[in-house]
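Numbering (the working numbering), first residue to last: 148 to 314.
Structural data, given as structure tokens:
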């Protein structure tokens, strides 16, 4: 029996999107795939942001895991801003050029990988910041999570729960 896998892809203009490819089994599972499709329907940066905030424990194919890692880096940096709640409107989150350069060079096989470079990832970083602000994202970082490699603790529901503030 043939399954379907969701894969992350990059367009020639550097935008992330989803594509579906045949494989031996469905990956991710149906419920996760529905959430991911819904997130990406709002745009590539919105989809990636949710990968890095919601799908932390989900089993994903390599391309989506790559996108999750990129967005997780963003979420970790965002959640590390001291007193984010009061700093939100003016909080700056400069792109970590060295980390983004490493991520660009380490992209797994995916459609459009040739379009991934430092400049594109810097644009994406700015897009992630914009989407996070639009969603009114709030999070609380606990330093133990960083040391243990865990997830940011997101308000209001704890680890792995992303609140847009607009329920």
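Positions of the beta carbon are idealized from the N, C-alpha and C atoms, including for glycine.
Notebook entry, point to check: On the premise that residue 208 lies in contact with residue 153, defined as a C-beta separation below 8 Å, what is that separation, rounded to the nearest angstrom?
Noted result: On the chain shown, position 6 is the one that residue 153 refers to. On the chain shown, position 61 is the one that residue 208 refers to. Confirmed, about 7 Å.
Check: Between the C-alpha atoms of residue 302 and residue 219, what's the straight-line distance to the nearest angstrom?
Finding: What you label residue 302 is simply residue 155 of the chain shown in a count that begins at 1. What you label residue 219 is simply residue 72 of the chain shown in a count that begins at 1. For residue 302, the pLDDT reaches just 38, beneath the cut-off of 50, and the residue's location in the model is therefore unreliable, although a value from the coordinates is still provided. Residue 302 and residue 219: Cα-Cα distance of roughly 16 Å.
Note to self: Taking the beta carbon of residue 202 as the centre, do at least 16 other beta carbons fall within 10 Å, making it buried, or is it exposed?
What the structure shows: Locating residue 202 in the chain shown gives position 55, counting from the first residue. So residue 202 counts as buried.
Notebook entry, point to check: Who are the Cβ neighbours of residue 274 in its own chain at under 6 Å, not counting the five residues just before and after it?
Noted result: Taking the first residue of the chain shown as 1, we reach residue 274 at position 127. Contacts found: 192.
Check: Between the segment 253-264 and the segment 223-242, do three or more beta carbon pairs fall short of 8 Å?
Finding: no
Next item on the list: Report yes or no: do the segment 221-231 and the segment 182-190 share at least 3 C-beta pairs separated by less than 8 Å?
Entry: no
Notebook entry, point to check: By a C-beta neighbour count over all protein chains shown, 10 Å radius and 16 as the cutoff for buried, is residue 199 buried or exposed?
Noted result: Within the chain shown, numbered from 1, the residue matching residue 199 stands at position 52. Buried, since its Cβ has 16 or more Cβ neighbours within 10 Å.
Notebook entry, point to check: What is the DSSP secondary structure of residue 269, counted as helix, strand or coil?
Noted result: Taking the first residue of the chain shown as 1, we reach residue 269 at position 122. Looking at residue 269 - three-state DSSP - the assignment turns out to be helix.
Note to self: With a threshold of 7 Å on Cβ separation, who are the neighbours of residue 264 within its own chain once the five nearest residues in sequence on each side are excluded?
What the structure shows: Residue numbering aside, residue 264 sits at position 117 when the chain shown is read from its first letter. Excluding positions up to five away in sequence, the list reads 251.
Next item on the list: Have a look at residue 231 and residue 269 and give me their C-alpha separation to the nearest angstrom.
Entry: As a first step, residue 231 is located in the chain shown; it is residue number 84 there, counting from the start. As a first step, residue 269 is located in the chain shown; it is residue number 122 there, counting from the start. Looking at the two C-alpha atoms, the distance is approximately 22 Å.
Margin query: Assuming the contact rule is C-beta atoms closer than 8 Å, residue 184 and residue 165 should be a hit. Round their C-beta distance to whole Å, please.
Written below: Within the chain shown, the letter at position 37 stands for residue 184. Within the chain shown, the letter at position 18 stands for residue 165. Going by Cβ atoms, the distance from residue 184 to residue 165 rounds to 7 Å, so yes, they are a contact pair.
Item checked: residue 158 versus residue 236: straight-line alpha-carbon distance, rounded -> Taking the first residue of the chain shown as 1, we reach residue 158 at position 11. Taking the first residue of the chain shown as 1, we reach residue 236 at position 89. Each residue's Cα considered, the two are about 31 Å apart.
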